[in-house]
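Here is the structure we will look at, set down as structure tokens.
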Amino acid sequence: QHEVGLDYFRQSMRQSQAIGDRIGEYYSLAGTARALRGLRQYEEALKAGWQVLEISHEIGDRNGEYEARQGLGETLVACGRAGDALSHLTRALDLSYSVQQVYDQARALDAMATAFHELADTGKAREHGLRALGIYRRLRLPDTSRMEQWLLELEEQV
3 QHEVGLDYFR QSMRQSQAIG DRIGEYYSLA GTARALRGLR QYEEALKAGW QVLEISHEIG
63 DRNGEYEARQ GLGETLVACG RAGDALSHLT RALDLSYSVQ QVYDQARALD AMATAFHELA
123 DTGKAREHGL RALGIYRRLR LPDTSRMEQW LLELEEQV
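Structure follows, in structure tokens:
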């Protein structure tokens, strides 16, 4: 599935570049980064993520910057660089507040909880997980049960 998506996004990116469509290039690169992360090709995902961040700044898209920062953070956590991830995830959280995207706040908090857990800071992992859970519950999202289970497992580890 990720491989098919990767081919699609790369083709879309070539077409966007050919016609000078920076917004299309942004979306294609963002999809490429997600597909590469799904394939565990983290270094390539990070390269694409940095390009997404660059284009989001160029076109002045704060939602785009959020997505880029969130994606970079999630990729860094996935490849064992949780400490590096926190600056991107903190910025993503700040951006989600500034553009009033409540679900994105939960996503950032959720990823930060995972990063803190990877860094063996159980207190901050729990704090961020509980904040994410509160939003998931308020929005009645399916992520609620996953986060509840994660927090129970976290408590059992203590």
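Numbering (the numbering used here), first residue to last: 3 to 160.
Don't be surprised by glycine CBs; every beta carbon is placed ideally from N, CA and C.
Please read all numbers here as calculations on a predicted model, not as lab measurements.
Just how far apart, CA to CA, sit H4 and E150?
The alpha-carbon atoms of H4 and E150 are separated by roughly 28 Å.
Measure the Cβ-Cβ separation of Y68 and A94 and say whether it is below 7 Å.
In this structure, A94 lies closer than 7 Å to Y68 by Cβ.
Mind checking whether A84 and E120 have CB atoms under 7 Å apart?
Closer than 7 Å, so yes.
Less than 7 Å between the beta carbons of V104 and I137, yes or no?
The criterion of a C-beta distance shorter than 7 Å is satisfied by V104 and I137.
Simplified DSSP state of L38, which is helix, strand or coil:
For L38, the three-state secondary structure derived from DSSP is helix.
For the alpha helix (DSSP H) containing Q17, name the first residue and the last one.
That run of the alpha helix (DSSP H) goes 4-21.
Can you tell me whether G22 is buried or exposed? The criterion is at least 16 other CB atoms within 10 Å of its CB, across all chains shown.
With fewer than 16 other Cβ atoms within 10 Å, it is exposed.
According to DSSP, simplified to helix, strand and coil, what is G131?
Helix.
Pairs of beta-carbons, one from the stretch 65-80 and one from the stretch 107-123, closer than 8 Å: are there three or more?
Yes, the stretch 65-80 is in contact with the stretch 107-123.
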